[in-house]
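Colleague: Mind the numbering: the sequence shown is residues -24 to -1, 1 to 502 in mature numbering (1 follows the signal peptide of the UniProt record, and there is no 0), read in order.
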Amino acid sequence: MQYRHKLLTAALLSASILAGPVSAETLRWAKAADATTLDPHSQNLGTNHNFLHHIYETLVEREVDGTLIPRLATEWAIKEGEPNVWVFKLREGVTFHDGAPFTADDVVFSIDRARSETSNMRQLHAGVDHVVAVDDHTVEVHMVGPNPLYPDNLTNTFIMDREWSEANNVVEVQDYAAGEDNYAVRNTNGTGPYTLTEREVDVRSVLTWFDKHWADKPQVTEIVYVPIAENATRIAALLSGEVDFVQDVPVQDIERLETSEGITVTKGPENRIIYLGYRFGEEPLKTSNITDSNPINNPLVREAMHLAIDRDTIQRVVMRGNSIPTGVAMPPFVNGWTEELDAYPAPDLERAKALLAEAGYPDGFTITLDTPNNRYVNDEAISQSVVGMLARIGIKVTLASRPIAQHSPQITNNLTDFYLMGWGVPTFDSAYIFNDLVHTKEGNFGAYNGGLYSNPELDPKIESLETEIDIDKRNATIAEIWDVVQQDRVLLPLHNQMLAYATRKGVNIAVHPENQPLMMTVTFDQ
């Protein structure tokens, strides 16, 4: 419970999105990776969401303590007498960056776009039947059944202007995994506090305060966003004064920065799990020397792999204490988390070797591990440690490292046998994990089920969470699903990620559990 206490403490220190002293300031913001696309409904990727929250807006926003607060919607409620209908009252006097008025029609268009076939956001709207504009500032979302938690799904669903989208031929969502392009990939038109004034992919983007925005003027009026992939270069830029804020601080540099004059380091827990996924099914793996079967499809092999991983060593050596080892692919912030699920086994190499032999692989096998190298804290180093740990039981792993822009399609296109991934849970509910990572990949579900796990008995239970209004019954179903996920070893969880932000002294940025710091909340010491 100390974890949750830290989160609530951070909430008390955070600034409100709605107000801030007037002051013209430029903030130079460095990250390890750029947004992969600016089409707001194309990829369900935290790096993209963080950038786009400054340009586009959502109906509701989540504070750092997990509560929902108004953004483009000022209030929302289930319609009296109609439990399947959510009513959203919209903020009046809002305009898009091109001057067009924001209306209910734009909300209808955006939700329908977000739940379309090529959108990676569609699972969040799986329970939607249709959306109706009642008047210019009222929207009704008709669900297929009662859905008391639907507003929690809206914190990363950005609202676009229908007319702008039609004029620029971006009614259809970019199919990122298929390599498609469209005008919205590099151009924007939101209602957010900043406009995109410069965009050079992977080099530099500039965001400027939108003086017709509905909220008070923030202290940061210009954002210079600089992706710097190399850890040493990113930290050197901060120390030399070239940037003001580094969002991705390498764990090996935290202690040095904490003692560096003119630098402030702020740390806190993230609502994100780091895990390994692997390929299910009888079809042989593409990268293994076993050509007549899939070793990982054998539950004994999956158990052996879990027993070979030394999570405490990863925390101590690779993460230098800046992670929280876990045995479940669910952060403690999430509804459904328990201490029992969180427990993880101590490494047992002899038992792991015996399980491999029992499964028919006494000499182990070969496989390739796909990893990102610029997305999560020490992601490539974590994967390198996994390679060494699995080698101790005879599983010989080749590491394939890529930037997240190339790694993500490996997962969504099911091109990988074995992979490292991180998963944040913006809804703070287990259904978000089940819908994308566990449910059979079909329709609105399983977008990031890179291992193609499928359990026909589990799928209806997962789908029932969308419409179950009895909270006790719903939580019991969540517990049942987690029992199966753990027994089947669907995912191999490693740890919950910790965050460290580094700023020049006098720049105040609270650590956000979604790792989505908002520059309009930043304050400067006078």
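Even glycine gets a Cβ: it sits at the ideal position worked out from N, Cα and C.
1. How big is the Cα-Cα spacing for Arg278 and Asp15?
2. Which residues bound the beta strand (DSSP E) around Met397?
3. Tell me whether Ala191 sits in a helix, a strand or coil according to DSSP, three-state version.
4. Comparing C-alpha positions only, which one of Thr71, Glu139, Asp151, Arg98 sits nearest to His113?
5. Go through its chain and collect everything with a Cβ distance to Glu1's Cβ below 8 Å, but skip five positions before and after it.
6. Does DSSP put Tyr408 in a helix, a strand or coil?
7. Counting only runs of 3+ residues fully inside the region 188 to 250, write out the beta strand (DSSP E) ranges in chain order.
8. Got a sec? Which residues, its chain only, sit under 6 Å from Pro379 by beta carbon, not counting five neighbours each side?
9. Kindly indicate which three-state DSSP category Phe85 falls into: helix, strand or coil?
10. Which residues mark the beginning and the end of the beta strand (DSSP E) in which Ala6 is found?
11. Starting from Ile457 and walking both ways along the alpha helix (DSSP H), at which residues does that stretch end?
12. Hey, out of Thr443, Glu433, His471, Leu35, whose CA is closest to Leu317's CA?
13. Would you report the Cα separation of Tyr395 and Pro275, rounded to the nearest angstrom?
14. Going residue by residue through the region 63 to 114, where are the continuous beta strand (DSSP E) segments of at least 3 residues, counting only ones entirely within it?
15. On the premise that Thr171 lies in contact with Thr184, defined as a C-beta separation below 8 Å, what is that separation, rounded to the nearest angstrom?
16. According to the neighbour-count rule (16 or more other Cβ atoms, all chains shown, within 10 Å of its Cβ), is Ser(-2) buried or exposed?
17. For the ligand SAH, is there a heavy atom less than 7 Å away from the beta-carbon of Tyr32?
18. With distance defined between alpha-carbon atoms, name the residue in Leu434, Ile250, Thr267, Pro308 nearest to Glu258.
19. Given that a residue counts as buried once 16 or more other Cβ atoms are within 10 Å of its Cβ, and exposed if not, what is Ser361?
20. Please tell me whether Ala90 and Thr388 are closer than 8 Å, where the distance is taken between their beta carbons.
21. Under the three-state reduction of DSSP, which class applies to residue 526: helix, strand or coil?
22. Determine the direct distance from the alpha carbon of Phe78 to that of Glu68, and round the result to whole angstroms.
23. Relative to the C-alpha of Arg4, which candidate in His118, Ala213, Pro323 has its C-alpha closest?
24. Taking its Cβ as the centre, do 16 or more other Cβ atoms sit within 10 Å of Gly57, making it buried, or is it exposed?
25. According to DSSP, simplified to helix, strand and coil, what is Asn129?
26. How many angstroms separate the CA atom of Asn411 from the CA atom of Phe256?
27. Comparing alpha-carbon positions, which option in Val373, Asn273, Ile369, Thr242 lies nearest Leu481?
28. On the DSSP letters alone, give me the boundaries of the beta strand (DSSP E) that Gln382 sits inside.
29. Is the number of C-beta pairs between the region 23 to 41 and the region 134 to 141 that are closer than 8 Å three or more?
30. Residues in the same chain with beta-carbon distance under 7 Å from Trp190, minus the five sequence neighbours each way, listed in chain order, please.
31. Comparing C-alpha positions only, which one of Trp62, Asn20, Pro46 sits nearest to Gly103?
32. State yes or no: is the C-beta of Gly312 within less than 8 Å of the C-beta of Ile454?
33. Return yes when the Cβ of Leu325 is within less than 8 Å of the Cβ of Arg287, no when it is not.
34. Counting along the chain, where does the alpha helix (DSSP H) carrying Asn24 start and finish?
35. Would you please state the rounded distance, in angstroms, between the beta carbons of Ile250 and Tyr320? I believe it to be under 8 Å.
36. Restricting to Cα atoms, I'd like to know which of Phe27, Phe64, Lys188 is closest to Asp74.
Modeller: On the basis of the supplied data:
1. 37 Å
2. 394 to 400
3. coil
4. Thr71
5. Gln195, Val196, Thr197, Glu198, Phe500
6. helix
7. 196 to 203
8. Asn350
9. helix
10. 1 to 7
11. 447 to 463
12. His471
13. 18 Å
14. 104 to 111
15. 5 Å
16. In this predicted model, Ser(-2) has a pLDDT of only 42, less than 50, meaning its place in the structure is not dependable; the value taken from the coordinates is given anyway. Exposed.
17. Among the components of this structure there are no ligands whatsoever, and the ligand SAH is therefore not found.
18. Thr267
19. buried
20. no
21. Past the edges of the chain, shown from -24 to 502, lies residue 526, and the structure says nothing about it.
22. 8 Å
23. Ala213
24. exposed
25. helix
26. 17 Å
27. The residue asked about is misnamed: residue 481 is Lys in this sequence, not Leu. Checking every option, the nearest Cα to that of Lys481 belongs to Thr242.
28. Unbroken run through Gln382 is the alpha helix (DSSP H), 380 to 388; no beta strand (DSSP E).
29. yes
30. Arg67, Gly69, Val70
31. Trp62
32. yes
33. no
34. 22 to 28
35. Between Tyr320 and Ile250 the Cβ distance is about 13 Å, and since that is not below 8 Å, they are no contact.
36. Lys188
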